[in-house]
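From first to last, the protein sequence lines are chains A and B.
For the first sequence, counting from 1, position 211 maps to 198 in the numbering used here; every step adds exactly one.
For the second sequence, counting from 1, position 418 maps to 405 in the numbering used here; every step adds exactly one.
Heads up: the structure comes next, in structure tokens.
There are 2 protein chains.
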Amino acid sequence: MKNLLGRELPEYIEGYGDVNPFEGAFSNMESKAKQAVMVKPVTPGDQKLYNSLEEVLDKVELKDGITISFHHHLRNGDHVLNMVVDAIAKRGVKDITVAASSIFPVHSPLVQHIENGVVTKIVANYMSGPVAKAVSMRRLKYPAIMHTHGGRARAIESGDLHIDIAFIASPTCDEYGNISGLFGKSACGALGYAVPDAEYADTVVAITDNLVPYPNCPIEINQTYVDYVVKVESIGDPKGIVSGTTQITKDPIGLKIAKMATDVMMASGLVKEDMSFQTGAGGISLAVAAELREIMKKQGIVGSFASGGITGYLVDMFREGLFRNLFDVQCFDLKAVESYASSHKHMRMSASMYGNPHNKGALVNNLDIVILGATEIDTNFNVNVTTASDGTIMGGSGGHSDTAAGAKLSIIVTKLTKARLPIIKDKVTTVTTPGESIDVIVTERGIAVNPRRQDLIQKLKATNLPVMTIEELKEVAEKITGTPKAIDLSDEVVAVVEYRDGTVIDVIKKPL
Amino acid sequence: MKNLLGRELPEYIEGYGDVNPFEGAFSNMESKAKQAVMVKPVTPGDQKLYNSLEEVLDKVELKDGITISFHHHLRNGDHVLNMVVDAIAKRGVKDITVAASSIFPVHSPLVQHIENGVVTKIVANYMSGPVAKAVSMRRLKYPAIMHTHGGRARAIESGDLHIDIAFIASPTCDEYGNISGLFGKSACGALGYAVPDAEYADTVVAITDNLVPYPNCPIEINQTYVDYVVKVESIGDPKGIVSGTTQITKDPIGLKIAKMATDVMMASGLVKEDMSFQTGAGGISLAVAAELREIMKKQGIVGSFASGGITGYLVDMFREGLFRNLFDVQCFDLKAVESYASSHKHMRMSASMYGNPHNKGALVNNLDIVILGATEIDTNFNVNVTTASDGTIMGGSGGHSDTAAGAKLSIIVTKLTKARLPIIKDKVTTVTTPGESIDVIVTERGIAVNPRRQDLIQKLKATNLPVMTIEELKEVAEKITGTPKAIDLSDEVVAVVEYRDGTVIDVIKKPL
């Protein structure tokens, strides 16, 4: 079976089930039911606080086949996932599904649990490091499932991803389960990715290394969602949680791309009063923000909001009055954490509010411009940010597909070649984001506009920008690098890539 | 059939269904399912904004038997309920259930729709004025249902009260449905009672007289819950929405009661560091707050939180550092609105977080002390705040039963006689709050402690306070007023009084 993008898909995948093929970014938008949540009511006088993880594990229902979930706000400093999976594994529980919003190199101990069959399924929006490698090599019993940030919220809310127990790393928590990420030694800021887990899991456990007096105001996730609170020594390593500062690229090629991307934004007509904008924390993306900042200042433009993972750079723009508001699903650096703690115009949003396609309008629907990266792009503008050129998993959509689908203008900024390989190919190794959501690709050697956007092509033709077809851009790249040979892949599916609406946009196969 | 309190109940009530008798404040606490919400996804580019209510009514599904809901944050200044019911009635829709969190005298036009059979059921937590009178006279086709504030949230979340369309009066709203009560000519502050409606109704319509630029930060109810936004001329009359200031009683008897209630609080041992406290906006209740304020200042006590409908008086205590936080389900005056807008330690809570007994721990569970009023009290400490001495509805639980159930110490402050009638009776006209939740009754002539609280009786005996049995207190009252004769009631049920857990604590019968 093939989906709309021509990707070959099995009709059924063991451990996953029937495959619903991707049929277009907004083809699956009829009325949807959220799952009916079961709640164990808490009576006055009931205690939620326990002094060790073991005590809590004695209380919750552990059984083979259980799904446990984690958020990734502690990023590569997270101690909680390993701590919990180790403890559950020690109890002899098998066939565990680990549903983590993202998995990082710090989670390498998970590989052992994969190897010995304790963890048989992984669900994540992003994966890098040893776990990603193990999944790519089909060490997991069943294929992993890769979601987008909004798609994970959708899957949880719909019940497609039913969580038995959510373990929520909590930089601060009180004894009744009011959680905040704002303060404490493991402060990470907004906890947007943990919200669907807290709202929809059967059982919710807050794990904190910083128990504070009741009530832990301002609250991000409140007591009505939390069954148990446990105090542990450490939930994370601050060095891995937030970076001190996020940096603009100093590379002249990167700066050139940023300048060109800004020219595209200007030509589009979207840089104007009330504009909204999102960009990542990468060096080129931040350089685009820096260019935009100067233009907004010069022209006296005040935007409505900037969104996403929030960086100090966007906070600076917010504080200068260039954006009236920030919408924050996760804080990338300490300046973002501080800003969120100090202004009610810097608002937290849940993963669902950020990107769930099946609520009544996610924030991405309100985005004018998003700046995104790419590992590979095909001539239909499909983008891969999931697998490396050797076919192994080294990332995932995160908010890529969500923002690209929602924004009026989605721009990919990338160097034309990376590690002597061309970015543009006939066929990407994995489709993460469908071409229909991508408007423009900006490289140092040229700009390609999606033919669906004839309006934009016309506007760009009136500029000096080096606009060409994507085929032409591909040729330019291949003149430098030569045509790369295709990777050899087996037929074994190691991961299912779900589009944000729950259909399958691609499968990842084990490299030979 | 009789419930635990000996109240005679029908087993089945036409238009209500089977009656589950009240069996104790915490007898119905097994695992509960929330209802599965249906959502119509919103695609980028879809418009939510309409310029008239009629346009929105053309879009939503109106049919006979529909349930429509409203919040009461605009209190006796609300224009929205009348506007919407009138418009729907004009379209010939019949058999409408109006589920309003409270109904005030301003809603008198509803009487006409009751009389002509357009509105056949009313669900509310509190009712006063002509609608309450009409309900009491059994003008409604079916009995009304009276909830507590937390019980309404429970009923909505569980699906016991399924809302087809929620109409949310919105002091400010943007075109994508982000709602706030903080600003604008109809500002009312926190919108806690509207949250369950927004989260669980099939269709949600925001009605505003103050459309603001996107995004309307800080957001109270966000865009992911709202289907339609409509701009109207006026949602309410500011004079009826919030009072300028809430006033402490000047009546010497009221002040005496407040002083005695404060002595009871002191004797209980609960007035100490980290204490939590709730009191209403009534004159005696505020006088208790004033007494407590002086003690806290003198003794250097800092409380954890004050909660409830928040008054300027509690804001003053918060600003003086006497409470670290405020939890606000509705703002009673403009000072409360301002405080909520300016401090993130003054937090909004939803009606569910406030009092729903079937979530994982409502805020009332964390209350140390609550000060409450009463219309009648029986010798089993059951309290009536729903019906007047002539048997007609003139109030309702609101948060009475919720806070009484949750708080460690619930104190009723009341004059011993009102309008020449004794407050304490053998049998109250209607049970609103069960005696098991009430700890102490404080009147100007004496204090009665619930015999369940032998610990408290011992503590109070060590003071000079005039502690007596409730029977003795009743005799004191009857010496002044004589024994009142019982009201004659028919067998016709005009309203079902649900306890917060959905069981029936009483029914209200039509006075003869």
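Built from N, CA and C at the ideal position, the CB exists for glycine as well.
A:Val6 and A:Val481 have their alpha carbons spaced roughly 14 Å apart. Per DSSP, B:Glu485 is one residue of the beta strand (DSSP E) stretching across 476 to 485. Residue environment: B:Ile467 is assigned as exposed (fewer than 16 neighbouring CB atoms within 10 Å of its CB, all protein chains considered). The beta carbon of A:Thr30 falls within 7 Å of a beta carbon belonging to chain B, placing the residue at that interface. Residue pairing by DSSP places B:Gly385 opposite B:Thr135 in a beta bridge. Residue state for B:Met16 is assigned as coil, using DSSP reduced to three classes. For A:Asn353, the residues of chain B that pass the 9 Å Cβ criterion are Pro31, Tyr163, Tyr201, Pro202, Gln210, in the order they occur in the chain. Taking CB atoms only, A:Val418 has no neighbour in chain B less than 7 Å away. Uninterrupted beta strand (DSSP E) stretches at least 3 residues long and entirely within the region 277 to 338 of chain B occur at 290 to 297, 310 to 318, 333 to 335, given in chain order.
In this structure, A:Leu403 lies near A:Thr430, with their beta-carbon atoms less than 7 Å apart. If you check the CB distance, A:Ile235 and A:Leu273 come in under 7 Å. Against chain B, the CB of A:Ser291 has a partner CB under 7 Å away; the residue lies at that interface. Just so you know, the alpha carbons of A:Tyr(-1) and A:Gly146 end up roughly 19 Å apart. Exclusion of the five residues before and after A:Ala375 leaves Met381 as the residues of its chain whose Cβ lies within less than 6 Å of its Cβ. Selection B:Gly52, B:Asp320, B:Asp355 evaluated against B:Asp261 yields B:Asp355 as nearest (Cα-Cα). Between the beta-carbon of A:Tyr215 and that of A:Lys46 there is about 7 Å, and that keeps the pair under the 8 Å contact cut. Apart from sequence neighbours up to five positions away, the residues of its chain that approach B:Ala245 with a beta-carbon distance below 6 Å are Ile271, Ala274, Val275, Glu278, ordered along the chain. Cβ proximity to chain B below 7 Å picks out His331, Lys332, Met334, Ser339, Met340, Pro344, His345, Asn346, Lys347, Gly348 from the region 330 to 348 of chain A. Listed in chain order, the positions of the region 269 to 296 of chain B with a beta carbon within less than 7 Å of a beta carbon of chain A are Ser291, Phe292. Looking at A:Thr266, A:Gly489, A:Leu36, the one whose alpha-carbon comes closest to that of A:Thr195 is A:Leu36. Under a 10 Å Cβ-count criterion, B:Ser326 is classified as buried, with 16 or more other Cβ atoms of the shown protein chains found around its own Cβ. Taken through DSSP and simplified to helix, strand or coil, A:Val217 comes out as strand. Within its own chain, the residues whose Cβ lies closer than 8 Å to the Cβ of B:Ile364, once the five positions on either side in sequence are excluded, are Val370, Asn371, Ile399, Thr401, Ile410, Ile411, Lys412, Val415, Ile425, Ile428, Ile457, listed in chain order.
Residues of the same chain with a CB within less than 6 Å of the CB of A:Glu465, apart from the 5 flanking positions on each side, are Pro409 in chain order. Residue pairing for A:Ile90: DSSP places it in a beta bridge opposite A:Met114. Judged by their CB atoms, A:Asp493 and A:Gly137 are not nearer to each other than the 7 Å cut-off.
Within chain B, Lys347 have C-beta atoms less than 8 Å from the C-beta of A:Asp214, given in sequence order. Judged by DSSP secondary structure, A:Ala449 falls outside any beta strand (DSSP E); it is assigned neither H nor E.
Using a Cβ-Cβ cut-off of 7 Å, A:Ala23 is close to Ala20, Lys21, Gln22, Ala23 of chain B, given in chain order. B:Asn451 has its alpha-carbon roughly 37 Å from the corresponding atom of B:Lys322. Taking all protein chains in view, the Cβ of B:Lys19 is crowded by 16 or more other Cβ atoms within 10 Å, so the residue is classified as buried. B:Pro205 has a beta carbon lying within less than 7 Å of a beta carbon in chain A.
With distances taken between CA atoms, A:Thr107 lies nearest to A:Arg125 out of A:Asp377, A:Thr420, A:Gly422, A:Arg125.
A:Leu499 counts as exposed, since fewer than 16 other C-beta atoms from the protein chains shown sit within 10 angstroms of its C-beta. B:Asn371 sits in a strand when the DSSP states are folded into three classes.
Interface flag for B:Phe13 against chain A is set, since a Cβ pair is found closer than 7 Å.
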